[in-house]
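Notes to accompany the following structure.
There are 2 protein chains.
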Amino acid sequence: MAAYQTSPGTDVAVVINPLSNADPHPTPSRPVAAISLAELFERANLTGDLQAVERLLLERASSRSELIAAASTHTVRSGGKRLRAALALLSARLGNYSLPRVIHAAAAVELIQAASLVHDDLVDQASRRRGRVTVHARWDNDVALMVGDYFFALAAGEMALSPDPRIIGYYAQAVQTIVEGELSPVTVVEPSETALGQYYFKTSAKTASLFEAACKAGMAAGGGSEAQITALGRYGLDLGMAFQIIDDVLDFVGDEHVLGKPAGNDLRQGTITLPLIYAVARTGNPQLRTIVERGHPSDGEVAAAIAEVVAVGGVEAALAEARRYIGQAIGHLAEFPPSGAQRALIDVAHFVISRNA
Amino acid sequence: MAAYQTSPGTDVAVVINPLSNADPHPTPSRPVAAISLAELFERANLTGDLQAVERLLLERASSRSELIAAASTHTVRSGGKRLRAALALLSARLGNYSLPRVIHAAAAVELIQAASLVHDDLVDQASRRRGRVTVHARWDNDVALMVGDYFFALAAGEMALSPDPRIIGYYAQAVQTIVEGELSPVTVVEPSETALGQYYFKTSAKTASLFEAACKAGMAAGGGSEAQITALGRYGLDLGMAFQIIDDVLDFVGDEHVLGKPAGNDLRQGTITLPLIYAVARTGNPQLRTIVERGHPSDGEVAAAIAEVVAVGGVEAALAEARRYIGQAIGHLAEFPPSGAQRALIDVAHFVISRNA
Numbered sequence: 069m070a071a072y073q074t075s076p077g078t079d080v081a082v083v084i085n086p087l088s089n090a091d092p093h094p095t096p097s098r099p100v101a102a103i104s105l106a107e108l109f110e111r112a113n114l115t116g117d118l119q120a121v122e123r124l125l126l127e128r129a130s131s132r133s134e135l136i137a138a139a140s141t142h143t144v145r146s147g148g149k150r151l152r153a154a155l156a157l158l159s160a161r162l163g164n165y166s167l168p169r170v171i172h173a174a175a176a177v178e179l180i181q182a183a184s185l186v187h188d189d190l191v192d193q194a195s196r197r198r199g200r201v202t203v204h205a206r207w208d209n210d211v212a213l214m215v216g217d218y219f220f221a222l223a224a225g226e227m228a229l230s231p232d233p234r235i236i237g238y239y240a241q242a243v244q245t246i247v248e249g250e251l252s253p254v255t256v257v258e259p260s261e262t263a264l265g266q267y268y269f270k271t272s273a274k275t276a277s278l279f280e281a282a283c284k285a286g287m288a289a290g291g292g293s294e295a296q297i298t299a300l301g302r303y304g305l306d307l308g309m310a311f312q313i314i315d316d317v318l319d320f321v322g323d324e325h326v327l328g329k330p331a332g333n334d335l336r337q338g339t340i341t342l343p344l345i346y347a348v349a350r351t352g353n354p355q356l357r358t359i360v361e362r363g364h365p366s367d368g369e370v371a372a373a374i375a376e377v378v379a380v381g382g383v384e385a386a387l388a389e390a391r392r393y394i395g396q397a398i399g400h401l402a403e404f405p406p407s408g409a410q411r412a413l414i415d416v417a418h419f420v421i422s423r424n425a
Numbered sequence: 069m070a071a072y073q074t075s076p077g078t079d080v081a082v083v084i085n086p087l088s089n090a091d092p093h094p095t096p097s098r099p100v101a102a103i104s105l106a107e108l109f110e111r112a113n114l115t116g117d118l119q120a121v122e123r124l125l126l127e128r129a130s131s132r133s134e135l136i137a138a139a140s141t142h143t144v145r146s147g148g149k150r151l152r153a154a155l156a157l158l159s160a161r162l163g164n165y166s167l168p169r170v171i172h173a174a175a176a177v178e179l180i181q182a183a184s185l186v187h188d189d190l191v192d193q194a195s196r197r198r199g200r201v202t203v204h205a206r207w208d209n210d211v212a213l214m215v216g217d218y219f220f221a222l223a224a225g226e227m228a229l230s231p232d233p234r235i236i237g238y239y240a241q242a243v244q245t246i247v248e249g250e251l252s253p254v255t256v257v258e259p260s261e262t263a264l265g266q267y268y269f270k271t272s273a274k275t276a277s278l279f280e281a282a283c284k285a286g287m288a289a290g291g292g293s294e295a296q297i298t299a300l301g302r303y304g305l306d307l308g309m310a311f312q313i314i315d316d317v318l319d320f321v322g323d324e325h326v327l328g329k330p331a332g333n334d335l336r337q338g339t340i341t342l343p344l345i346y347a348v349a350r351t352g353n354p355q356l357r358t359i360v361e362r363g364h365p366s367d368g369e370v371a372a373a374i375a376e377v378v379a380v381g382g383v384e385a386a387l388a389e390a391r392r393y394i395g396q397a398i399g400h401l402a403e404f405p406p407s408g409a410q411r412a413l414i415d416v417a418h419f420v421i422s423r424n425a
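If you read the protein sequences in the order shown, they are chains H and U. Quick note: the numbering used here has the first sequence finishing at residue 425, numbered continuously throughout. Quick note: the numbering used here has the second sequence finishing at residue 425, numbered continuously throughout.
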């Protein structure tokens, strides 16, 4: 069963619940895929705490420099749904929850994420992110470089306010790993062992490592044991892998109005992702190889390649892999007794695989 | 009395001791200006501890990514004389010194400095730094961006190993301030009140704030009181102001073989510094204004502007200002009883104003 059933020849994705058969946990009162992340947070009674994180982030975006204040505020306001902060908060709720004790770890992960995105957009020269203009496009490259640095420093500042050396260590390690991922592109579509090895390294490093750190930081702030921190870290890592795979799938079958960025972006930029690697492995289609190797494909070539990747099951295979990660992620939560927070973390896993943006 | 007596029409700087009359402390056994920083550290019995810092930095430069390991090792090996680490160590020695307790703070400040320089060189598109090729020139812009981020993360990692929330706070604040300075250029040469205000803000933020943080971090690691930490911070701030003014002076009268970068660089790039601001204030010479406002001066125009700035006393006035800061810096050390570390910090102040590279 597929999270996205794409009618051949169209870009319309029909979202259904990919885990409804496999899920060992009771299904929530309404189909998970129909729930937005905001509803999920509301149900978990998390909205107020996330608003407190948001206020903190906006406060931090101030600066003596008007330019930095403007670009930082723009960046915070482009910050998305605060999934990583929510993971830190929910992880802390598995232990002894205190918002003052975990809020700085939750803010820090969003500040690190913001810093990485601003620098990532600079490397990619992407003009839009989540439907909003990027910092280097709105101001210039130097401002984007410095605002990224500013956000890393703000994250360090949060650590100073909640000085648990483990939490600092998790985040410092995550940023090092993100950088390693940023500079480790997938360079080939085949042989598929090589391509898959590169893809998993990059995805684990660039995306999943920060999910892992957010969960570990939250669990540490909640006074968890080393075993609990390790289990939550594994949940975060698997969740992050699935999150990125779905991101890559959405580049093939997503609605660009919902995504806030053009579909087919990866193919256009020669970025090799899981659906393409699987599609090439299944067909050996030389046209698919050529489009990323040669570069600068036309809109028609991109559309044809997308249709081909979907038709030969590349998207389907990638979704199966994402589902496998989600199953693993939920498995790690079995270490914890049932609770509202545990239920919410399971719901987050369902959301990640059924999201359409 | 001048630190640099420049023969008109030449670039030769004759270095003498600028503080020999004003210094309230006994002069060292040989003229300070003849001592290199390495000799000064040796005399203070600091060489072994700085070597331990250096080994730690080289260890940290490793990575699973060969590219990051290579670029990071290149960056560490281009790291200069470790003045900021030395300040942290010497500050700690004013209190209860323990190398294991202060070494992470000393390494962190050098990692932050390295990150800032790599990003600063990227903004300036400078091809050389201290006589060595810069990271973006040797690799590319994306690698420089990411290696800078990597060094910020390494610095955070050091904080996790020596988790004093005050030290993390000093460094986080310093990086925020450096960024504010980076994005606050001096935009005018006159009116001089405006130009001087911009110059002092930028210099204080971009350079002096990290000297301040290094000293405060060292004093905190040495168990100093809040009053002692404040006094050392002021020493660092004043020392850093003088350090940058001398840097700017050397761009007019330094020997480029000793500097490891071409002289007249600032004028060529339209960077407005203290000697130029003073020279314009003294003469109102429209040619000096034009050279930075118009941009892209010829070598002849740069040479003529340098000669003019020196001839009208712009360099001399900037040196007087640097000497004032050094006097202030040394004054803050009066809070501490005489000791080898206090003597060494005074010697560092003498070195800063008499250095020729």
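Quick reminder that beta carbons are idealized off the backbone N, C-alpha and C, glycines included.
> Any idea which residues DSSP pairs Val201(H) with across the strands?
Replying inline: Arg196(H)
>> Along the chain, where does the alpha helix (DSSP H) containing Asn209(U) start, and where does it finish?
In response: Asn209 to Leu229
> Listing by chain order, which chain U residues have their CB less than 7 angstroms from the CB of Tyr218(H)?
Replying inline: Gln244 and Val247
> Where Arg362(U) and Thr339(U) are concerned, what is the direct C-alpha to C-alpha distance, given to the nearest angstrom?
Replying inline: 12 angstroms
> With distances taken between CB atoms, is the gap from Leu229(U) to His172(U) smaller than 8 angstroms?
Replying inline: yes
>> At a CB distance below 9 angstroms, what residues from the segment 196 to 218 of chain H approach chain U? Give them in sequence order.
In response: Asn209, Asp210, Val211, Leu213, Met214, Val215, Gly216, Asp217 and Tyr218
> Whose C-beta lies closer than 7 angstroms to the C-beta of Thr115(H) among residues of the same chain, with five residues either side of it excluded?
Replying inline: Phe109
> Is Glu248(H) near Arg132(U), with beta carbons less than 8 angstroms apart?
Replying inline: yes
> In chain order, what residues of the same chain lie with their CB nearer than 7 angstroms to the CB of Val100(U), ignoring the 5 residues before and after it?
Replying inline: At Val100(U) the pLDDT is 45, less than 50, meaning the model places this residue with poor confidence and gives no usable figure here.
> Do the CB positions of Gly290(H) and Val170(H) come within less than 8 angstroms of each other?
Replying inline: yes
> Ala371(H) to Pro168(H), Cα distance in whole Å?
Replying inline: 49 angstroms
>> Here's a check: name, in chain order, each residue in its chain whose Cβ is nearer than 8 angstroms to the Cβ of Gly408(H), leaving out the five neighbours to either side.
In response: Ala112, Asn113 and Arg161
> Does the Cβ-Cβ distance between Pro343(U) and Gly382(U) come in under 8 angstroms?
Replying inline: yes
>> Please report whether the beta-carbon of Ala386(U) lies at a distance below 8 angstroms from any beta-carbon of chain H.
In response: no
> Tell me which same chain residues have a C-beta within less than 8 angstroms of the C-beta of Gln193(U), skipping the five on either side of it?
Replying inline: His204
>> If we define contact as Cβ-Cβ less than 8 angstroms, is Ala194(H) a contact residue for chain U?
In response: no
> Pro365(U) by DSSP, collapsed to three states: which one?
Replying inline: coil
> In chain order, what residues of the same chain have a beta carbon less than 7 angstroms from the beta carbon of Glu389(H), not counting five sequence neighbours either side?
Replying inline: Ile313 and Leu342
> Apart from the five residues on each side of it in sequence, which residues of its chain come closer than 7 angstroms, Cβ to Cβ, to Gly301(U)?
Replying inline: Glu280, Cys283 and Lys284
>> Considering only their Cβ atoms, is the gap separating Met309(H) from Ser272(H) smaller than 8 angstroms?
In response: yes
>> Here's the rule: buried if 16 or more other CB atoms are within 10 angstroms of the residue's CB, otherwise exposed. What is Arg123(H)?
In response: exposed
>> Using 8 angstroms as the threshold, is the C-beta distance between Ala397(H) and Asp306(H) below it?
In response: yes
> Per DSSP, what kind of secondary structure is Gln73(U) in: helix, strand or coil?
Replying inline: Residue placement at Gln73(U) cannot be trusted, given a pLDDT of 35 that sits under 50; what the coordinates show is reported in the next sentence. The answer is strand: DSSP assigns Gln73(U) an E or B state.
> Any idea if His364(H) is buried or exposed, counting beta-carbon neighbours within 10 angstroms, 16 or more meaning buried?
Replying inline: exposed
> Is the shortest distance between the beta-carbon of Ala240(U) and the beta-carbons of chain H less than 8 angstroms?
Replying inline: yes
> Can you find a CB in chain U that lies within less than 8 angstroms of the CB of Val254(H)?
Replying inline: no
> Under 8 angstroms between C-beta atoms, does His187(H) make it to chain U?
Replying inline: yes
>> Can you find the residues in the same chain that come closer than 8 angstroms, C-beta to C-beta, to Ala156(H), ignoring five residues on each side of it along the sequence?
In response: Val170, Ala173, Ala174, Val177, Ala282, Cys283, Ala285, Gly286 and Ala289
> Nearest CA to the CA of Gln181(U): which residue from Gln244(U), Asn164(U), Ile136(U) and Val211(U)?
Replying inline: Gln244(U)
> Nearest chain H C-beta to Met227(U) closer than 8 angstroms, yes or no?
Replying inline: yes
> Who are the neighbours of Glu250(U) on chain H, taking C-beta pairs under 9 angstroms?
Replying inline: Asp210, Leu213, Met214 and Asp217
> Ile236(U) CB to nearest chain H CB: under 8 angstroms?
Replying inline: yes
>> Let me make sure I understand the geometry here. Which of Val257(H), Leu222(H), Phe220(H) and Leu151(H) has the alpha-carbon closest to that of Pro354(H)?
In response: Val257(H)
> What residues in its chain sit with their C-beta under 6 angstroms from that of Asp316(H), if we drop five residues either side in the sequence?
Replying inline: Thr341 and Leu342
>> If the criterion is Cβ atoms closer than 8 angstroms, does the pair Ala183(U) and Phe219(U) meet it?
In response: yes
> Would you say Arg132(U) faces chain H, with C-beta separation under 8 angstroms as the test?
Replying inline: yes
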